[in-house]
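What follows is one structure encoded as structure tokens, with my remarks underneath.
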Amino acid sequence: MSLHCSWLLRQSCWKPYLSAVTFNSVRHFVARSQREFSSNGKLVDVAVNENTGISTVTMQRLPVNSLNLELLQELYSVLDTLEKDRSRGMILTSASPTVFSAGLDILEMYKPKQDRAVAFWTTLQDVWLKLFGSSYPTVAAINGHSPAGGCLVALSCEYRVMVGPKYTIGLNETQLGIVAPKWFQFSMKNVISSRQAELALTTGRLFTTDEALKIGLIDEVATDKADAIAKAEKFLVGMSKISATARKLAKLSCRQEPLEWLVANKKKDLQEFIGFINQPAVQMGLDHYLESLKKK
Amino acid sequence: MSLHCSWLLRQSCWKPYLSAVTFNSVRHFVARSQREFSSNGKLVDVAVNENTGISTVTMQRLPVNSLNLELLQELYSVLDTLEKDRSRGMILTSASPTVFSAGLDILEMYKPKQDRAVAFWTTLQDVWLKLFGSSYPTVAAINGHSPAGGCLVALSCEYRVMVGPKYTIGLNETQLGIVAPKWFQFSMKNVISSRQAELALTTGRLFTTDEALKIGLIDEVATDKADAIAKAEKFLVGMSKISATARKLAKLSCRQEPLEWLVANKKKDLQEFIGFINQPAVQMGLDHYLESLKKK
Amino acid sequence: MSLHCSWLLRQSCWKPYLSAVTFNSVRHFVARSQREFSSNGKLVDVAVNENTGISTVTMQRLPVNSLNLELLQELYSVLDTLEKDRSRGMILTSASPTVFSAGLDILEMYKPKQDRAVAFWTTLQDVWLKLFGSSYPTVAAINGHSPAGGCLVALSCEYRVMVGPKYTIGLNETQLGIVAPKWFQFSMKNVISSRQAELALTTGRLFTTDEALKIGLIDEVATDKADAIAKAEKFLVGMSKISATARKLAKLSCRQEPLEWLVANKKKDLQEFIGFINQPAVQMGLDHYLESLKKK
């Protein structure tokens, strides 16, 4: 038997806290979160299982969960509450029968008001920092297509169960003529090999469920949403036997470099986004794209 | 549908340019490049496919494409022209029926004139920076043995198709009593896992085509050169549907660290090479090696 | 044929030395090491094969090779001697029939005297630096369970042969409510993928021999200890054909970043350990744990 010190335990940026959430505090959280989110939460639903303490967070900005400012703000608020309430674990899924999330809402970039564009990108950064660096364990139950920003959100969780075989997932930005920011790439390289990531990112490839499983982009295949949720719960229940503090510190240590990178480069990354969407060529491209959608 | 900014788009070091090469400009390039390289290019042949815009670059310093200063200079010139002319893609192959490239020419290191030795190593660095960091997609059609520097060149491409089953490939420097420089190692770790790279580099192992496929050192096996070229073309034609600018930025983002490393350490790396070949023990080793070759 | 310079050859921190150990010097080493270790070495046995020059180093602090200060000091001394005597290779194994090493001795952390605690952790750091950065090739012949610190020692070798199928191996610190320090994690990520490492470290999973083989945590499975030793010898004999200097430089280049990290962070890492074991909560946890052991 053995015992090691944790180099992270004394890091000021990640304050460790008690690991166990008592059954009472879970019940309290259930009551509070249901009150909280049922009133405000139009775009994100939270349901907490009283027995397990696991929260199921459902994106419900139909039809395709395009990530606009409001959806991101609600998602941030939910993630923040789960963090503060020392959640036992979260399953992230979608209310759409065919799409997990279609990614960033391009209307946030088309003829943007600068204040809103800044808020939009900053909130996306904050959602990622909260999700990728969450203390509690996270699983994406991917019950539909998950391109680009949808894939980013799934990659930021610790485990991915995806309904097969007809859906696709990937950072396909290149196919759209754009490039996934550095922290999108970090999220992918945290999960698949450098080789697979370079091929996937340069070609903007979308993977079928089976292909995604093969390269490790997802961890398990499910037959339907209920099966995906069940498999996600099984993963999280396994985690509940482990010290929450130790688990969190191990996770944050593994994810330290990407998290520190975005914290250090937040402003620069924002400026690049703002500069990008203010380019006439980009606006013209969006204009054409939106026109083509109208004709359909 | 989604849209992301590119943090790279504003990077001053990699100037983005237009993605599409029109059919006319391809034809123009064909004419120009054939004129250009048929006159000067004794060691490297370039043939451009008018339909696809893909260039086939053939090393033809027979018998084994030892990389000496002149071959590297011609290779650099070809890569530079392809870059400036916004190539649709390049296939790198060999005119030898059995050797892709035998690696660096040891005569460049034996009793070296210092000026030439400096030019030799600097040109090798520049070829790598051009090839590993090329804007256009690159495939190595490895139609023969590919040890050491030959393997480096193949690893610097984005995709590798190798004729099987009788050839070998690897960074086998250790077998020769020397060590692959850091950027050789980066090139290998961009393709295979850290674990496989450590084993391969410490043992200097040469892999058969099938072994190379198994660990991911190559991507596909071909039955002969024509098959290798056909498979390389298929990969590149697939790439041609993607925005050249986005593709390039995604590639350079994935390869940013190794490229920046060599740019920052070019002088130091050169000094180490010059210091190395000027060691009496190294010269004695080369002397013995060349003597042993004469006796064969 | 080709030849490359070694950027490492001129690094002041790793002094290259002659590669070949003559047969005489091996015999001399055998005699000397047997004299040296038979007198002092109660916790570590060293036996050198006269034909191959390979040393078999056996941890024999029974029953479970808990890594206390004295075992670590002897291990350090052995590794240091092998380094100075230019060993042809080392096999690390255990005298226990069921445990390779149970990891760090928790009695070193329970109600610690500060001087001894400092010596304990510093010696562990030094053992790792010596073993992970050894010039000579190293194989762990894992003939029993190998959790936590036991796994660290095995991971620090260059090759792992493990007796199957009934034993387990892993960095299971999280299961014990603690976190593997950064350099433990580096050792694991040098061998398995980032993805597998994150899952293994957050869950503190112990892998069976077959599971460990599947993810690459070990390289080969053996039927018993003799078979493990034979397979380890085969790996090392293969290494003996390679220039010792080139091999060493290739290894150290691959392991440069983790080694440099601990050298740079040695004090901070020690302070974190000391701070950790001096926490009342940690002492209380150890107290309960040791009480529970007594009752068994």
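Going line by line, the protein sequences match chains A, B and C. Residue 137 in the numbering used here is what sits at position 137 of the first sequence, and the numbering runs on without skipping anything. Residue 294 in the numbering used here is what sits at position 294 of the second sequence, and the numbering runs on without skipping anything. Residue 117 in the numbering used here is what sits at position 117 of the third sequence, and the numbering runs on without skipping anything. Heads up, the beta-carbon is just placed ideally off N, CA and C, and yes, glycines get one too.
Nearest-angstrom Cβ-Cβ length linking residue i and residue j, presumed shorter than 8 angstroms
i      : j      : result
A/L72  : A/S96  : The Cβ separation is near 17 angstroms, so there is no contact.
C/T203 : A/I242 : 7 angstroms
A/S156 : A/A102 : Actually they are not in contact, since the Cβ atoms of A/S156 and A/A102 sit about 16 angstroms apart, beyond 8 angstroms.
C/I218 : C/M162 : 4 angstroms
C/G170 : C/F207 : 5 angstroms
A/F273 : A/V282 : With 8 angstroms as the limit, A/F273 and A/V282 do not qualify as a contact, their Cβ atoms being about 11 angstroms apart.
B/N297 : B/K231 : For chain B, the structure presents residues 1 to 296; residue 297 of chain B sits outside this window and is missing.
B/T110 : B/L286 : Just to set this straight, residue 110 of chain B is Tyr in the shown sequence, not Thr. B/Y110 to B/L286, Cβ: 5 angstroms. Contact.
B/R88  : B/S193 : At roughly 31 angstroms, the Cβ-Cβ gap does not stay under 8 angstroms, so B/R88 and B/S193 are not in contact.
Three-way DSSP call (helix, strand, coil) for residue i in this model
i      : result
C/E158 : coil
A/S134 : coil
C/F184 : helix
C/I242 : coil
A/I297 : Residue numbering for chain A in the displayed model covers 1 to 296; residue 297 of chain A lies beyond these limits and cannot be assessed.
C/T52  : coil
B/M284 : helix
C/T208 : strand
A/F37  : For A/F37, the predicted model reports a pLDDT of 35, less than 50, meaning its position is unreliable; a value from the coordinates is still stated below. Note: A/F37 maps to helix in three-state DSSP.
B/G170 : strand
B/S101 : coil
C/V21  : Since pLDDT at C/V21 reaches only 23, below the 50 mark, its modelled position is unreliable, and no value is offered.
B/A95  : coil
C/S146 : strand
A/I277 : helix
A/E44  : Before going further, note that residue 44 of chain A is Val rather than Glu in the sequence given. In this structure, A/V44 counts as strand in the three-state DSSP scheme.
A/L67  : strand
C/V191 : coil
C/V163 : strand
B/V237 : helix
C/Y289 : helix
A/T58  : strand
A/V263 : helix
B/V118 : helix
Own chain partners of residue i with C-beta closer than 6 angstroms, once the 5 adjacent residues on each side are dropped
i      : result
C/E108 : N68, F120
B/T56  : A47, I91
B/K182 : none
A/K248 : S135
C/P280 : none
C/T138 : M90, C157, E158
C/H288 : none
C/P112 : I277
C/V78  : V44, V46, V57
Contacting residues, own chain, Cβ-Cβ under 7 angstroms from residue i (five flanking each side not counted)
i      : result
B/Y76  : T123, D126, V127, K130
C/H105 : In the sequence on display, residue 105 of chain C carries Asp and not His. S66, L67, N68.
B/V237 : T52
B/S94  : T58, M59, N65, F100, S101, N143, G144
Same chain, Cβ closer than 8 angstroms to residue i, neighbours up to 5 away in sequence not counted
i      : result
C/E83  : K130, S134, S135, Y136
B/D210 : G164, P165, V221
* the stretch 160-178 of chain B touching the stretch 193-209 of chain B, judged by at least three CB pairs closer than 8 angstroms -> Enough Cβ pairs lie closer than 8 angstroms, so yes.
* To do: Examine the Cβ distances between the stretch 141-148 of chain A and the stretch 110-127 of chain A and report whether three or more of them are shorter than 8 angstroms.
  => no
* Using 8 angstroms as the threshold, is the stretch 177-194 of chain C in touch with the stretch 259-275 of chain C, meaning 3 or more CB pairs across them? -> yes
* Asked: Along the stretch 231-250 of chain A, what residues have a CB closer than 9 angstroms to any CB found in chain C?
  -> G238, M239, K241, I242, S243, T245, A246, R247, K248, L249, A250
* chain B contacts made by the stretch 91-111 of chain A, where a contact means CB separation under 8 angstroms -> A102, G103, L104, D105, I106, M109
* **Residues of the stretch 171-192 of chain A with Cβ closer than 8 angstroms to any Cβ of chain B, in chain order** => E173, T174, Q175, L176, G177, I178, V179, A180, P181, K182, F184, Q185
* To do: Using a Cβ-Cβ cut-off of less than 8 angstroms, give me the residues of the stretch 254-286 of chain B that come near chain A, in sequence order.
  => C254, R255
* In chain order, what residues of the stretch 52-63 of chain C put their CB closer than 9 angstroms to some CB of chain B? -> none
* Quick one, which residues of the stretch 148-161 of chain B are near chain A if we go by CB-CB under 9 angstroms, in chain order? -> E158, Y159
* Taking any Cβ of chain A, which residues in the stretch 195-229 of chain B have a Cβ under 8 angstroms from it, in chain order? -> G216
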